[in-house]
Amino acid sequence: MENSPTTIGSKGLIKQNEFVRVIIQSLYSLGYRKSGSCLESESGVSYKSMNLELLESQILEGDWDGCINTLSAIQELADETRASVLFLVFKQCLLEYLIGGDDSLALSVLRNQVPALRMGKENVHNLAYSIICLKEMELSKADDSVIHCQRKNLLTELETLLPPPAVLPERRLEHLVETAITAQIDSCDYHNSIEPISLYEDHNCSRDQFPTETIQTLTEHENEVWFVQFSNNGEHLASSSSDCTAIIWKNFIYKFFWVKNEDAYQFESGRLSFNFAIRQVLEDGRLSFKHMLRSHQTPVSFVAWSPDDTKLLTCGNVEVLKLWDVETGTCKHTFGDHGFVVSSCAWFPNSKRFVCGSSDPEKGICMWDCDGNEIKAWRGTRMPKVLDLAVTPDGENLISVMSDLEIRILNVRTNAEQVIPEEQPITSLSVSADSKFFIVNLNSQEIHLWDVAGKWKKPLKYIGHQQHKYVIRSCFGGLDSSFIASGSENSKHADSHSDVEQMEPSLICSFLVYIWNRRNSRPIEVLSGHLMTVNCVCWNPKRHQMLASASDDHTIRIWGPSRSKNIQC
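Count the sequence shown with the UniProt record's numbering and you get residues 1 to 569, in order.
Listed below in structure tokens is the structure:
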């Protein structure tokens, strides 16, 4: 590599010999051994450092004195690491002395050289104990193949402990490329696609796979819509309203797969099946009415899907809690009686138990089974009102929002509890799909993101929406729950007379949905369309480009990409 620059790249940040070395390592790890060897020969750069090559020959030949000298001379080794690798070498050295029947030499090493490493009495005692065990196993019968295998294992152990440049970390080039891709994803505000990322160009998502336009408006409710939630499999949507009803909607999804004719697709919708001789099939992801749930006597304020999506809970406002069969739309059980004030409910992962929270301190939090049996309760006159609650998807924690500005996280398994104080009243709660984070809406016009483990001293904050009077609900969503969406009390007005002429009448005064990337405190999208306050939003957990919003204007809006045909399953 004569006359070649020592650094490469437009910014001169990459050392050429290191770059070539990681390429050689990558070729070997991918199985291209001839190419790796050829590049070593042509470049004059060796995949293995001189120290590693020397160690390899010394260990395989059993030259323990030389091995110890080589390790002692490596300047990059921290004292603690040096002691650890020398301890492993002494261990193999002792084993071989025992195999050769030289007990006195083994004891000399154990008494004089090993203690100098200062590895602690326990490690030295464990090593001595292994000598006794080995004596009882008659290791003198071990042949050369066993010794060679032990030396190879030692070399592998040392390679995991030795730092660069003596040893390259495993699959270094792959790690560097993945780190670069991850950095590009992290800087991409709209990353919401499951498509593989190409190495041929820098990654930067457009808004094409992001819910930015209304693709459907659902108008079956006769009054304010207070709550919406997609089923866990993304195939249904449930909504609740002040018209005293809840509705189950079916998410109409097309399914396609190849048949024997290579130029044909098979289309399935309900019970129909026929072939299309086309290359690409598009879908609009529209929802259709399935069941109207009419048994409540007061407004329905909350719904909750069971994890297996076969059951739905509905909470009446100052009324009973009802359990419904999703397939038939029939009420299977009623919990409580008139005046049973339920603020929210949440399921445990087995779909057999759930909890409900009450704004009546005497009711507190109750755990029920589906047959109406109370399993456990947390209640008392000193207990604050429960405004909202959630069970993490892994079933480990019960998170409750209290009227005294506190968030309580109860570990269901250990009964350990942690309390997170907030400075402003909390109106709602939502948990991430990975059970690691949760968000709360505050009437101070902020959304706070906390970690369930309780390690954060301060939350991440999101601003931009407005919330003064009403309960506004937010949610996680998108690929890897990378986004946060929320309703709002504020509206967008046309800025000028020309704007009014160009806008649809319904958009002249339009209430808003806000979307944030979790890394940014300010919204990346503000969606216009509703005519009154947007109370609740919910992201489809399986179709990352679909968002639902519920409003006081009696409607539910389904949001999708600007070209709804691009929605991905």
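The C-beta atom is built at its ideal place from N, Cα and C for all residues, glycine as well.
Could you check whether residue j and residue i sit closer than 8 Å to each other, using their CB atoms as the reference points?
i	j	result
residue 516	residue 476	no
residue 246	residue 318	no
residue 357	residue 389	yes
residue 226	residue 535	yes
residue 302	residue 344	yes
residue 539	residue 485	yes
residue 560	residue 24	no
residue 74	residue 67	no
residue 466	residue 430	no
residue 158	residue 85	yes
residue 546	residue 558	yes
residue 90	residue 109	yes
residue 405	residue 375	no
residue 417	residue 407	no
residue 342	residue 236	no
residue 51	residue 70	yes
residue 163	residue 54	no
residue 203	residue 188	yes
residue 297	residue 331	no
residue 464	residue 421	no
residue 322	residue 314	yes
Just the Cα atoms here: how many angstroms apart are residue i and residue j?
i	j	result
residue 22	residue 83	28 Å
residue 447	residue 440	6 Å
residue 399	residue 412	10 Å
residue 20	residue 238	57 Å
residue 293	residue 333	13 Å
residue 199	residue 180	10 Å
residue 544	residue 36	42 Å
residue 340	residue 471	20 Å
residue 552	residue 348	31 Å
residue 478	residue 352	28 Å
residue 443	residue 207	30 Å
residue 519	residue 178	20 Å
residue 97	residue 150	13 Å
residue 165	residue 48	9 Å
residue 233	residue 380	37 Å
residue 329	residue 550	21 Å
residue 373	residue 240	25 Å
residue 449	residue 433	14 Å
residue 195	residue 209	11 Å
residue 169	residue 212	44 Å
residue 525	residue 474	14 Å
residue 419	residue 395	18 Å
residue 43	residue 9	18 Å
residue 392	residue 528	32 Å
residue 219	residue 530	12 Å
residue 15	residue 38	20 Å
residue 17	residue 6	7 Å
residue 173	residue 100	43 Å
residue 497	residue 230	Any answer about residue 497 is weak, because its pLDDT of 38 lies below 50 and its placement is not dependable; what the coordinates show is given next. So the alpha carbons of these two residues sit roughly 39 Å apart.
residue 507	residue 541	Here the model assigns residue 507 a pLDDT of 49, short of 50, so the residue's position is not dependable, and the following value carries that caveat. Going from the Cα of residue 507 to the Cα of residue 541 covers about 28 Å.
So who's on the other strand from residue i, going by DSSP bridges?
i	result
residue 399	390, 409
residue 236	250
residue 420	407
residue 292	247
residue 287	251
residue 8	14
residue 213	560
residue 374	368
residue 551	534
residue 325	311
residue 229	238
residue 492	510
residue 485	475, 515
residue 304	313
Would you please state the rounded distance, in angstroms, between the beta carbons of residue i and residue j? I believe it to be under 8 Å.
i	j	result
residue 554	residue 223	6 Å
residue 386	residue 359	6 Å
residue 355	residue 366	7 Å
residue 249	residue 287	4 Å
residue 335	residue 368	6 Å
residue 512	residue 492	6 Å
residue 92	residue 154	5 Å
As an exercise, report each continuous beta strand (DSSP E) stretch of at least 3 residues that is fully enclosed by the region 333-369, in chain order.
344-347, 353-357, 365-369
Runs of 4 residues minimum, wholly inside the region 68-101: which ones carry the alpha helix (DSSP H) assignment?
79-99
What residue ranges within the region 429-474 form continuous alpha helix (DSSP H) runs of no fewer than 4 residues, ordered along the chain?
none
Secondary structure, alpha helix (DSSP H): runs of 4+ residues fully inside the region 43-67
50-61
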